[in-house]
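Read through the structure below, which is laid out as structure tokens, and then see the notes.
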Ligand code: PHE
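In the numbering used here, the protein residues as written are 311 to 662.
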């Protein structure tokens, strides 16, 4: 019996010694210590020994078991460190890595997020809406019937409605984010304050200050007893937050069919700071030597619009404004061409 045990020990140890990977080590373990492993079976024979021999042989068997277990454990550790040292030989872990290229937000997104933050702080909620729109929401609800001359100021891209349920001219790419005034107001009970950023589309010839696709942000608020002064104060606050404390804002009468009274807002030129002249005495071409740049349309929501969406204009009043977010981005970053915003050249984008 002792000979058999010693035999088991030497074979087991030599197997362990020669094991080249964890898998063969595991097999060796099973072969000797598993349920029907050689040592396990031998140990099951112990009770058959005469009682005086049993303790001694039992102790030997236990010692062998511990020796095999220790050898297995040690080999396991050796195999792991051998593997890592092989990897270490093939890879220089001290070599500097390849720096990942981390981008940053596009100028439009930067301006968008900043605008949202400012209006959120004034209690406005942000909404989104469809770019493919019906004539109804883009024009009709906004007090712009089919034959209204103001349609000419927003050259519209219509969708082909052949073979659809829509009549010709009914579906279009929205020309203004004002389309969301009707959609939101007809579903929401006043009072509310909403901000709607989004893309708009117009049939424009593209140049430095016109795009056929650009960003706008619309805002409107409906409550009791609102007046133009609430509108002026809101926009004045916004422009000062956005362009800086020393920004001057002026409002000039303007007609939009969906507001009454209506106005256009101008801010002091971001390049010459409203002086109309540059430090070298030259006239500022950015603001065409006026010291002001036009930035947004606004006004008190027309009673016809409120009525069209089921809000009683005798109880509720509201103001609305809409500005070109793309234009705000060019003003903020001092770009002289709107097209830079859609230019994918990283050398341009990296500057902002
Ligand atoms: N939607 C108008 C435009 O695109 C701007 C505007 C919005 C004017 C809201 C008044 C009120 O020109």
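Using N, Cα and C, we set each Cβ at its ideal position, and we do this for glycine too. In this text, all values refer to a predicted model and were calculated from it rather than measured experimentally.
Beta carbon of residue 348 nearer than 9 Å to that of residue 377: The Cβ atoms of residue 348 and residue 377 do not sit closer than 9 Å to each other.
beta-carbon residue 528 near ligand 1 non-hydrogen atom, thresh 8 Å: Within the cutoff, so yes.
Closer than 8 Å: residue 464 CB and nearest ligand 1 heavy atom: At least one heavy atom of ligand 1 is nearer than 8 Å to the Cβ of residue 464, so yes.
Nearest-angstrom Cα separation, counted from residue 502 out to residue 595: Just so you know, the alpha carbons of residue 595 and residue 502 end up roughly 40 Å apart.
beta-carbon residue 630 near ligand 1 non-hydrogen atom, thresh 8 Å: For ligand 1, at least one heavy atom lies less than 8 Å from the Cβ of residue 630.
Residue 580 - DSSP class collapsed to helix/strand/coil: The DSSP-derived three-state label of residue 580 is coil.
Those residues which DSSP pairs with residue 523 across a bridge: For residue 523, DSSP records a beta bridge to 511.
N- and C-terminal bounds of the beta strand (DSSP E) containing residue 560: Here the beta strand (DSSP E) through residue 560 covers 559-563.
C-alpha distance - residue 371 paired with residue 394, whole-angstrom precision: Distance from the CA atom of residue 371 to the CA atom of residue 394, rounded to whole angstroms, is 35 Å.
Length-filtered (4 minimum) alpha helix (DSSP H) runs lying within the segment 431-483: Taking 4 residues as the shortest admissible run, the segment 431-483 contains the following complete alpha helix (DSSP H) segments, listed from N- to C-terminal end: 445-448.
Inter-stretch contact (C-beta, 8 Å, three-pair minimum) for the segment 468-484 and the segment 601-608: Contact between the segment 468-484 and the segment 601-608 is absent, because fewer than three Cβ pairs lie under 8 Å.
Residue 544 Cβ short of 8 Å to ligand 2 heavy atom set: Here the bound small molecules are ligand 1; ligand 2 is not part of this structure.
Cα-Cα separation between residue 632 and residue 571, rounded to whole angstroms: Straight-line measurement puts the Cα of residue 571 at about 15 Å from the Cα of residue 632.
Unbroken alpha helix (DSSP H) run spanning residue 566, endpoints: Here residue 566 belongs to no alpha helix (DSSP H), and DSSP marks it neither H nor E.
Test item: CB-CB of residue 504 and residue 437 under 9 Å: Contact: yes.
Integer-rounded CB distance, given that residue 514 should sit under 8 Å from residue 465: With 8 Å as the limit, residue 465 and residue 514 qualify as a contact, their Cβ atoms being about 6 Å apart.
Contact test: residue 479 Cβ vs ligand 1 heavy atom, cutoff 8 Å: False, no ligand heavy atom lies under 8 Å from that Cβ.
For residue 444 and residue 479, the rounded distance between their alpha carbons: Approximately 9 Å between the Cα atoms of the pair.
Assumed close pair residue 339, residue 374 - CB separation to whole angstroms, cut-off 8 Å: Between residue 339 and residue 374, the beta carbon gap of about 14 Å keeps them out of contact (Cβ cut-off 8 Å).
C-beta contact flag for residue 639 and residue 420 at 9 Å: Contact flag set, yes.
Whole-angstrom C-beta distance between residue 629 and residue 611, which should lie under 8 Å: Indeed, because the Cβ distance is near 6 Å, the residues count as touching under 8 Å.
Closest residue to residue 312 among 451, 353, 652 (Cα-Cα distance): With respect to the C-alpha of residue 312, the residue from 451, 353, 652 having the closest C-alpha is 353.
Where the alpha helix (DSSP H) containing residue 350 begins and where it ends: It spans 348-354 - the alpha helix (DSSP H) in which residue 350 sits, taken as one unbroken run.
Residue 662 versus residue 416: straight-line alpha-carbon distance, rounded: Going by the C-alpha atoms only, they are around 8 Å apart.
Assigned exposure category for residue 534 - 16 Cβ within 10 Å defines buried: It counts as exposed.
Unbroken alpha helix (DSSP H) run spanning residue 615, endpoints: Residues 613-618.
Helix, strand or coil at residue 552 according to DSSP, with G and I counted as helix: Of the three classes helix, strand and coil, the one that applies to residue 552 here is helix, per DSSP.
Assigned exposure category for residue 518 - 16 Cβ within 10 Å defines buried: Exposed, since its Cβ has fewer than 16 Cβ neighbours within 10 Å.
Own chain residues within Cβ distance below 8 Å of residue 566, not counting five before or after: Around residue 566, the same chain offers 460, 572, 607, 609 as residues with beta carbons nearer than 8 Å, after the five sequence neighbours per side are excluded.
Given 8 Å, three or more beta-carbon pairs between the segment 519-532 and the segment 549-556: No, the segment 519-532 is not in contact with the segment 549-556.
Length of the line joining the Cα atoms of residue 532 and residue 448: About 19 Å.
Rounded straight-line distance, which links the Cα of residue 424 to that of residue 599: Between the alpha carbons of residue 599 and residue 424 lies a distance of about 29 Å.
Residue 485 CB to nearest heavy atom of ligand 1 below 8 Å: Yes; taking the cut-off as 8 Å, the Cβ of residue 485 has a heavy atom of ligand 1 nearer than that.
Where the alpha helix (DSSP H) containing residue 628 begins and where it ends: The continuous stretches of alpha helix (DSSP H) do not include residue 628, which lies in the beta strand (DSSP E) extending over residues 627-634.
Three CB pairs or more closer than 8 Å across the segment 637-657 and the segment 534-544: Result no; under three Cβ-Cβ pairs closer than 8 Å.
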